[in-house]
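Novice: Residue numbers (our numbering): 2 to 778. Using N, Cα and C, we set each Cβ at its ideal position, and we do this for glycine too. Computed from a prediction, not measured in an experiment: that's the story for all the values here. Below you will find the structure I want to go over with you.
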């Protein structure tokens, strides 16, 4: 609607007092004022002639009878007027073409002004170096329906604009947030506030990927179903996943890969960004000294022909695998269906022939050639077939890694390239053409975004902050030179007995300095920076509640907690106040402030099957069937909380004894929920619930201008009416069509209402499609 109004304001009919569009060849002079306008002249004439200013000159056009133009009445209000014969202005011969204005606010509070909210939409920019509280007055006479305003957060990294209506709501909620450095359009409907357009608040829009233009474009490519996006993980053992095989019952999962940070982040991407994510990849040994995937990844089996090539310069994932005989294969069995494999290897003079066998078909790869990292893409029949690698002939073959994916489902692809034991000097090395201090390997991998983490091993090796920053800069420069986006990530708080707080603080200050000194290509902001150390608080706090496997590495629950924090910092997930998201999984009912760890009791993972009654501080309960009862525990147990995860194949029922505050009645497959107890009430505190549904077909019939289809109700198990945000995505590419948008709202528990609306000035026919409904939390 904003674009439509702007168009009408620019292409505006203006005549002198009493003048008519007479049928004459006399040149007609029309006055435009405001915004530097001048009197302009257009030659020609005829019935129903429209004179308009294009921005570069004047033009005349013949418009049909009954068409509408936008005229300004005596009060300066734009009014649609139907052409019936000749048209003239009766009250003024000069129209003011209003420009959008800018109001800068430097303070920590602000109240929206009526002059901010106009038909064309003005901009308010907030420049305070901290959070800003923005009050939205009650829509009505001063803020009429249709007035709109753009709010821009230009504060500083990590600070938000919190929008709070005085006595109304915004998108049905009591408040909303805009994170730095983003912006959002809000519009009055006469009673409440709404967000709108491509820059609407929340991660359904495109403003979520702050300072990462390439990744933002890649996500949109996935949303449109026309290609993949890639995220690479470049870091030490924390990005590999050391410790992720601890902290959970062995009957649930014990391998490092399934519970590491990349996989947990992939889960959040698919659920909260509402795009598919695939993580079937591996690179190198996963360790700088030649151990890792062979011992920790059940997808990989290493035959005796393959060994760590410790004499070769490292690349993604650390040390490559090398073979000079064909006795045994190195096999990779992806955990999900794939039909495409990217094989990464070292190309060098004298390299041998590598055979890749999939589903009985052999693809030979000649690794001889100019030195560098190389990639060969192989297509095959969709399935989970074993990928076998054997040396065939010639010199040695060095295998670096693989990415396997289903090309029929455009997705975010995760590249797990972590190198245990690595320091910045390992990643910054430029020894060989495949070394990651050079741009060339990143060009071959072609990731849209690289997340880079480091610091622990540098601190243990007494690397100075200046050296650390210099080496980090080399890595960042190489990635940027390759055209990829990059974001920097700190480790979790280490045990001060191993790394002193002052040592780590000095290194991370220099690391943040690298983020501040750089920006991604085509971005004016700094690099995104995720400060896990500050948000987690301290090692003693995180270790005290059972989130650490040792002095440096989280366990499986710890990595699961880290992923939402990373998603919030990098992707902007968790934008709506009052709606707890996966970021808040581990908060107790009384926790406040930025420290996510404080006031949390220890998790004691247990596995249950069938009916079960939750006990106080049960921790992480894994169930797969039946009913979980949340009993009335009594005031002695105020603050008690626990997490329930459904790892089975059916729905779990949640039965609350006492007062239920937004706890859903059911928990779907592969979903989790955190609940807290206080004074006879159980509260929903957040979770990672799979809340999906599919609508009936909508569209196929003409839809008049400014109207919506009749509401279609979609059933979504686990939805409640207060704490979640629905998103509807068409299953047919291109639906509903330009100028139209699917609008979804929570109707009631378990129900989402869905309409397709026409926001143009003419009738359109939306493409018929069913809609996949996803409810964000």
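1. Nearest to residue 118 by CA position, among 151, 128, 386, is which residue?
2. Here's the rule I'm using: 16 or more other beta-carbon atoms within 10 Å means buried, otherwise exposed. How should residue 457 be labelled?
3. Measure the Cβ-Cβ separation of residue 347 and residue 383 and say whether it is below 9 angstroms.
4. When DSSP labels each residue in this structure, what does residue 773 get in the three-state scheme?
5. Cβ of residue 165 within 9 angstroms of Cβ of residue 128?
6. Alpha carbon to alpha carbon, how far is residue 146 from residue 759?
7. Please name the residue, chosen from 517, 515, 486, that lies closest to residue 523 on a Cα-to-Cα basis.
8. If you run the structure through DSSP and keep just helix, strand and coil, what is residue 760?
9. Express the C-alpha separation of residue 734 and residue 765 in angstroms, rounding to a whole number.
10. Label residue 35 either buried or exposed according to how many other C-beta atoms from any shown protein chain fall within 10 Å of its C-beta, with 16 as the threshold for buried.
11. So what does residue 405 bridge to, in DSSP terms?
12. Straight-line CA distance for residue 665 to residue 718?
13. Which word fits residue 429, buried or exposed, when buried means at least 16 other C-beta atoms lie within 10 angstroms of its C-beta?
14. Leaving out the 5 sequence neighbours to the left and right, which residues in its chain are closer than 7 angstroms to residue 748 when beta-carbon positions are compared?
15. Mind checking whether residue 237 and residue 559 have CB atoms under 9 angstroms apart?
16. Is it the case that the stretch 171-180 contacts the stretch 188-195, given that we only count it when at least three CB pairs across the two stretches are under 8 angstroms?
17. Taking the C-alpha atoms as reference points, what is the distance between residue 504 and residue 510?
18. Can you tell me whether residue 401 is buried or exposed? The criterion is at least 16 other CB atoms within 10 Å of its CB, across all chains shown.
19. Please state whether DSSP places residue 744 in a helix, a strand or coil.
20. Distance, Cα to Cα, residue 684 vs residue 612?
21. Could you give the DSSP three-state label for residue 486: helix, strand or coil?
22. Would you tell me roughly how many angstroms separate the C-alpha atoms of residue 310 and residue 399, rounded to the nearest one?
23. The beta strand (DSSP E) that contains residue 332, what's its start and end?
24. Is residue 160 helix, strand or coil when you go by DSSP?
25. Which residues share a DSSP beta bridge with residue 323?
26. Which residues in the same chain as residue 736 place their Cβ atom closer than 6 angstroms to its Cβ, once the five residues preceding and following it in sequence are excluded?
27. What does the alpha-carbon distance come out to for the pair residue 160 and residue 124?
28. Tell me where the alpha helix (DSSP H) around residue 218 begins and ends.
29. Where does residue 279 land, buried or exposed, given buried means 16+ other C-beta within 10 angstroms?
30. In this structure, does DSSP put residue 435 in helix, strand or coil?
31. Is the CB-CB distance between residue 372 and residue 433 below 9 angstroms?
32. With distances taken Cα to Cα, identify the nearest neighbour of residue 508 among 465, 531, 495.
33. Taking residue 417 as part of the alpha helix (DSSP H), name the residues at either end of that continuous run.
34. Would you kindly report the start and end of the unbroken beta strand (DSSP E) that includes residue 389?
35. Taking residue 281 as the reference, which of 341, 272, 396 has the closest Cα?
36. Flag this pair as yes or no: are the beta carbons of residue 343 and residue 405 separated by less than 9 angstroms?
Specialist: In terms of the structure at hand:
1. 151
2. buried
3. no
4. strand
5. no
6. 18 angstroms
7. 486
8. coil
9. 17 angstroms
10. With a pLDDT of 34 at residue 35, under the threshold of 50, the modelled position of this residue cannot be trusted, and the question is left open.
11. 342
12. 8 angstroms
13. buried
14. 714, 754
15. no
16. yes
17. 10 angstroms
18. buried
19. strand
20. 20 angstroms
21. strand
22. 8 angstroms
23. 331-333
24. coil
25. 308, 399
26. 768, 770
27. 19 angstroms
28. 214-224
29. buried
30. coil
31. yes
32. 465
33. No alpha helix (DSSP H) contains residue 417, which is instead part of the beta strand (DSSP E) from 413-417.
34. 388-394
35. 341
36. yes
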